[in-house]
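Chains as they are written, first to last, in this note's numbering: chain A, 31 to 151; chain B, 31 to 151.
Every residue, glycine too, gets a C-beta built ideally from N, C-alpha and C.
Worksheet: the structure to be examined is printed underneath.
Protein chains: 2
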Amino acid sequence: MDNEKVKELEFSLSMERFIQAELLLLLKQKPSHGYELIQRLNDSEFKSAEVDAATVYRNLRRMDKEGMIKSQWEVGESGPGRRLYKLTAQGEEHLIVWAQYIVQQKIKLENFLAAYLRFNQ
Amino acid sequence: MDNEKVKELEFSLSMERFIQAELLLLLKQKPSHGYELIQRLNDSEFKSAEVDAATVYRNLRRMDKEGMIKSQWEVGESGPGRRLYKLTAQGEEHLIVWAQYIVQQKIKLENFLAAYLRFNQ
DNA sequence: AATACTATATGCATGTTGCAAATAGTTGAG
DNA sequence: CTCAACTATTTGCAACATGCATATAGTATT
């Protein structure tokens with residue numbers, strides 16, 4: 031476990047940018063564009079509330095700039111142009127860090143719930 | 031499960047105010063003041079990084095104002111004055127909602143990890 | 001021509017955090 | 001006695017992420 035990198039995430043994030051992890055995973059499964067990712071997010075098992083489109087587009091642009099994903103403008107046969115995103119090698123590594131971080135967060139929640147239940151019975 | 035109330039939390043929080051849940055639980059276990067709560071948080075099983083004092087004090091004041099906890103100024107035999115916090119009935123209810131919310135978040139993380147592992151093997 | 005759907009981007013107010021710094025009483029070391 | 005360290009709380013500020021609303025624009029349907 032690369033605890034150093036998990037620490038880096040810990041530093042600036044709580045659970046806020048969880049959407050990034052979701053997007054990276056979806057893009058690992060298959061390249062996609064923003065609009066489609068929004069639909070896939072709303073279908074996926076790991077969603078809670080309806081996602082906000084602006085948040086998705088903004089996070090995609092950020093990850094693009096940071097090199098985790100790369101985009102390519104597509105003028106399809108129909109509909110407006112769209113930006114097709116693909117996961118990069120760097121993004122794949124980042125997803126691993128995310129997974130480690132999420133494991134830790136899950137443990138944290140479990141510890142909380144254990145303490146909560148222990149005290150409630 | 032009171033999904034309406036869990037929804038309310040969902041609305042404005044991601045995982046940011048998780049510290050509130052931790053504080054409510056600690057105060058349910060026993061009344062405490064801010065400085066002590068910081069130490070208890072750093073000892074507790076459900077902590078991740080070192081907690082920031084300002085964040086603790088601010089959240090305590092907020093929850094005080096909102097009626098989830100109530101404070102009482104104490105001039106001890108030694109050391110500077112301190113604010114002793116106790117959990118209120120309303121706070122106890124709120125903690126239940128938090129626990130429900132945390133269960134949901136935990137499931138969300140598990141679903142993510144399941145999808146991640148499924149795709150990685 | 002009007003409406004709906006696909007598709008992306010941006011502005012703005014709001015809320016939370018971390019760090020730093022201010023304040024202040026108490027205790028212990030030299 | 002004085003300086004440092006510890007207990008204890010508060011406030012200011014910049015940074016950041018989000019949600020909602022809005023703008024833009026191409027395409028398809030009625």
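Of the residues assessed, Asn89 of chain B falls on the buried side of the cut-off, its CB having 16 or more other CB atoms within 10 angstroms. For Ala83 of chain A, the nearest beta carbon of chain B is not closer than 8 Å to its own beta carbon.
Straight-line spacing of the CA atoms in Lys60 of chain B and Tyr65 of chain A works out to 49 Å.
Rounded to whole angstroms, Gln135 of chain B and Phe48 of chain A show a C-alpha spacing of 11 Å. Between the alpha carbons of Gly97 of chain A and Ala51 of chain A lies a distance of about 14 Å. A distance of 8 Å or more separates the beta carbons of Glu123 of chain B and Arg112 of chain B. Between Leu117 of chain A and Leu57 of chain A, the C-beta gap is smaller than 8 Å, which places the two residues in contact. Residues of the region 105-124 of chain B with a C-beta atom less than 9 Å from some C-beta of chain A do not occur. With the criterion set as a beta carbon lying under 8 Å from some beta carbon of chain B, the members of the region 51-75 of chain A are Ala51, Glu52, Leu55, Lys58, Gln59, Ser74, Glu75, in sequence order. Within the region 73-140 of chain A, the complete beta strand (DSSP E) segments at least 3 residues long are 99-104, 112-117, listed from N- to C-terminus. Counted as a single uninterrupted DSSP element, the alpha helix (DSSP H) harbouring Glu52 of chain A occupies residues 48-59.
Between Ala145 of chain B and Leu55 of chain A, the C-beta gap is smaller than 8 Å, which places the two residues in contact. With a 10 Å radius around the Cβ and a threshold of 16 neighbouring Cβ atoms, Lys95 of chain B comes out exposed. Ala119 of chain A is classed as exposed because its beta carbon has fewer than 16 other beta carbons within 10 Å across all chains shown. With its beta carbon less than 8 Å from one in chain B, Leu139 of chain A belongs to the interface. Shortest Cα-Cα distance from Leu53 of chain B to any of B:Tyr115, B:Glu140, B:Gln130 involves B:Tyr115. Each residue's CA atom was taken as its position, placing His63 of chain A and Gln102 of chain A some 9 Å apart. Taking each of A:Glu80, A:Ala129, A:Thr85, A:Arg91 in turn and checking the Cα distance to Asn141 of chain B, the smallest one comes out for A:Ala129. What Val133 of chain A touches in chain B, judged by beta-carbon distance under 9 Å, is Leu139, Leu143, going in chain order. Residue environment: Leu147 of chain B is assigned as exposed (fewer than 16 neighbouring CB atoms within 10 Å of its CB, all protein chains considered).
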